[in-house]
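Single-structure report; data block below.
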Amino acid sequence: MPLERRAVRGGLSAEPAAEAGHVREPLAGIRAITFDFGNTLAPVSRAGLLAVTERTALEATAALGLQDPGPFHEVWTAERERQLREDVPAFREMDMEQRATRVVARLRGMPAPGPLERWDDVAAADRAAPADVAAILDAYSRAFVEAIAPAAGAGELLATLAGRGFRLAILSNWPLATTIDRYATAAGWAPYLAGIFVSQRIGAIKPHPAIFAFAAQHLAVPPREILHVGDDWAADVVGASAAGWRVAWLRGAQVDTPLPTSSRTSGPDPDLELDRLTDLASRIADPTA
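End of the sequence shown = 819 in the working numbering, gap-free, step of one.
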């Protein structure tokens, strides 16, 4: 599926949005904007992730000298579910290298631990050559870039906002940062981005304050002058608000997705609520020096 590479002709409108017979004033005082990746810049459906896993299984099976991709697909899915159970509640990002190592170890005869047992990752690494693990991760990244299309208008939005003087970045929970790097390059987003901040590199996942502090430091912008745009209530809205940032919540973006999700609860009110990502251009005032 081709990635979006549209040229900008005049950009997206920066006029105040009208609703219910009145004009909403654009949010002012913002100098930098960060975007979540999965289900914000890149919608990830169950069918989409299944396609990624199937492509990864085909290539990985060939690289490992196996015949049937079915066992790889089954074991990969099981180990992903294990990591979701064990890592996310502890605010740890899932480790894709660890997952690939465990998958290879299982395919080469190492039994999986029971539900209440921990993996012996040292023993697993003895059965998985680094080249095999690298081949699996490379296959996964390429499959994701090829199978998952960007959100409608995402590239044009980034170009428009960068042209208006905002510092832009991706700030996302994701288990393999190189996948986002490659995706941003393939989509043509890289020239508009001042940074790509990913939980796997930083060592903490949203809503932990450490990941927001890391991004703010590298953007060199005070927290109250940063707007974070994301779809997940707990990770994006609660996390960014607690860090002292402004927040734009992308509503209704978590339908039919295998990614971790959360529902709106009492707590912070987003500064903006968006039904479409591209609505952001008209809801935010130009930055001031």
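We put the beta carbon where it would ideally sit given N, CA and C, even for glycine.
{"Query": "Where residue 568 sits in the DSSP three-state scheme", "Result": "strand"}
{"Query": "8 Å Cβ cutoff met for residue 689 and residue 713", "Result": "no"}
{"Query": "For residue 651 and residue 549, the rounded distance between their alpha carbons", "Result": "The pLDDT assigned to residue 549 is 44, lower than 50, so where the model puts this residue is not dependable, and the model offers no usable value."}
{"Query": "Any C-beta of chain D under 8 Å from that of residue 755", "Result": "You won't find chain D in this structure, because it holds only one protein chain."}
{"Query": "Cβ contact (3+ pairs, closer than 8 Å) linking the stretch 608-626 and the stretch 692-712", "Result": "yes"}
{"Query": "Residue environment, residue 742, which counts as buried when at least 16 other CB atoms sit within 10 Å", "Result": "buried"}
{"Query": "Assigned exposure category for residue 748 - 16 Cβ within 10 Å defines buried", "Result": "exposed"}
{"Query": "Straight-line Cα distance separating residue 639 from residue 679", "Result": "37 Å"}
{"Query": "The stretch 792-803 in contact with the stretch 585-603 per 3-pair CB rule at 8 Å", "Result": "no"}
{"Query": "Three-state secondary structure (DSSP) of residue 803", "Result": "strand"}
{"Query": "For residue 616 and residue 740, the rounded distance between their alpha carbons", "Result": "20 Å"}
{"Query": "Residue 574 burial status per 10 Å Cβ neighbour count (16 or more: buried)", "Result": "buried"}
{"Query": "C-alpha gap between residue 683 and residue 558, whole angstroms", "Result": "23 Å"}
{"Query": "Start and end residues, alpha helix (DSSP H) containing residue 741", "Result": "739-749"}
{"Query": "Rounded Cβ spacing between residue 637 and residue 601 (contact assumed at less than 8 Å)", "Result": "6 Å"}
{"Query": "Complete runs of the alpha helix (DSSP H) confined to the stretch 641-677 [at least 4 residues]", "Result": "651-656 and 660-677"}
{"Query": "Environment of residue 818 [buried if 16+ CB atoms lie within 10 Å]", "Result": "exposed"}
{"Query": "Inter-residue spacing [alpha-carbon to alpha-carbon] between residue 607 and residue 662", "Result": "18 Å"}
{"Query": "Unbroken alpha helix (DSSP H) run spanning residue 593, endpoints", "Result": "576-593"}
{"Query": "Residue nearest to residue 754 in terms of C-alpha spacing, selected from 635, 770 and 669", "Result": "770"}
{"Query": "Whole-angstrom distance between residue 612 and residue 644, CA atom to CA atom", "Result": "11 Å"}
{"Query": "Host beta strand (DSSP E) of residue 723 (start-end)", "Result": "Counting along the chain, residue 723 falls outside any beta strand (DSSP E), and DSSP gives it neither H nor E."}
{"Query": "Between the CA atoms of residue 648 and residue 687 - distance to the nearest angstrom", "Result": "44 Å"}
{"Query": "Outcome for residue 537 when other beta-carbon atoms lying within 10 angstroms are tallied against a minimum of 16", "Result": "Caution applies to residue 537, whose pLDDT of 36 falls short of 50 and renders its modelled position unreliable; the value that the coordinates give is listed next. Answer is exposed; the Cβ neighbour count stays below 16."}
{"Query": "Contact set for residue 587: own chain, Cβ-Cβ below 6 Å, skip 5 residues either direction", "Result": "599, 602 and 603"}
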